[in-house]
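Here the structure is laid out as structure tokens; the discussion comes afterwards.
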Amino acid sequence: MLNRIKLWKKPNPSSPLRDRIEQIKKAAIPEHVAIIMDGNGRWAKKRALPRIAGHHEGMKVVRNTTKLANQLGIKVLTLYAFSTENWKRPKMEVDYLMKLPEEFLGTFLPELVEENVQVKMIGYKDQLPLHTLHAIEKAIEDTKGNDGLILNFALNYGSRAEIIDAVKHVLKDCKSGIMNESELDESLFSSYLMTSKLADPDLLIRTSGEIRLSNFMLWQLAYTEFWFTEVLWPDFSDEHLIEAVEAFQKRQRRFGGVKG
Ligand code: V0D
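Per my numbering, the sequence shown runs over residues 69 to 328.
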């Protein structure tokens, strides 16, 4: 019975966390938070579990993080779920990963609709299995009328390929006369990227102690604050997102919001 109650619904944040959430909401919230969700494999290894068990646990953390981001008033949450490099992993692991969007959405899509979340995706759709793509496209469709938090999955995404494709598209538009070379500036170039409709991230979080970008949003992260933590993604909880946002707000105060 106790177990059933625990599984049924996530308890509300404890009161110290509630207080910190209230404090955070009084200052400038990062509008766009991007997260490299790393450490699922290591989490599983520590428990002598298969890597897929770590991925599955990580999926639950996606749900929890989305809920808190929405509550904090974050506008865009971009989650790096699968890189173009991840195809090199064992086939059975890749096959399992490609089932996670369906499992996630099968469980949580009604809640996301209810909570006014808009699901979006960046990345190369053409190489995704159709069952994966269909689940994601249905979620995008079912939530496109919402105007709350944008939950943006980076899936089969790679930043250098994105930039090359943008350059090719710019060249094509110059040749065809749609664009003149003299018009090209940073803002116009940004509009050729997969993130054209989104502001650049204000805060990047990477879990699991790796201090690198791994081909993630290289152009978009030019002015972003970085926050790295040793915490493994399946262990990432409300407390950690709150800690990252608090650190972001402290830096904002120190630099008086001057960017560049
Ligand atoms: C595994 C940790 C949710 C990172 C999180 C296909 C690796 C759990 C999704 C998801 C993954 C994607 C799109 C969507 C809804 C949910 C997901 C992948 C991996 C890669 F519309 N978790 N998740 N996708 N993991």
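Quick reminder that beta carbons are idealized off the backbone N, C-alpha and C, glycines included.
- Rounded to whole angstroms, the separation of the alpha carbons of Y164 and D303 is 21 Å.
- Per DSSP, L147 is one residue of the beta strand (DSSP E) stretching across 144-151.
- Boundaries for I208: no beta strand (DSSP E) harbours it, while the alpha helix (DSSP H) harbouring it runs 198-210, taken from the DSSP string.
- Counting only unbroken stretches of 4 or more residues, the alpha helix (DSSP H) elements lying wholly within the stretch 214-262 are 227-243, 254-258, in sequence order.
- One Cα belongs to F221, the other to A95, and the distance between them is close to 27 Å.
- Distances between the C-beta of F172 and the heavy atoms of ligand 1 include at least one below 8 Å.
- Screening all residues for a C-beta within a distance smaller than 6 Å of any heavy atom in ligand 1 leaves M105, N108, H123, G126, M127, V130, A149, F150, L165, M166, L168, P169, F172, L173, V187, I204, A207, F221, L223, W301, in chain order.
- Non-local C-beta neighbours of N224 in its own chain, meaning closer than 7 Å and more than five positions away in sequence, comprise F150, T152, G191, Y192, Q195, L196, ordered along the chain.
- A check of alpha carbon separations from N283 across G122, S227, G107 identifies S227 as the nearest.
- Annotation: K128 to S244 spans about 47 Å, alpha carbon to alpha carbon.
- Ranked by Cα distance from E183, the options L272, M189, G141 are led by G141.
- DSSP lists T146, L272 as the bridge partner or partners of A102.
- The three-state reading of DSSP puts I190 in strand, counting E and B together.
- In the three-state scheme derived from DSSP, where H, G and I count as helix and E and B as strand, F172 is classed as helix.
- In the displayed model, W287 falls within coil according to three-state DSSP, outside both helix and strand.
- Around the Cβ of D106, a 10 Å sphere holds 16 or more other Cβ atoms; the residue is buried.
- Per DSSP, reduced to three states, the secondary structure at E161 is helical.
- When the beta-carbon positions are compared, T292 and R274 stay at least 9 Å from each other.
- In the three-state reduction of the DSSP assignment, E278 falls in the coil class, being assigned neither a helical nor a strand state.
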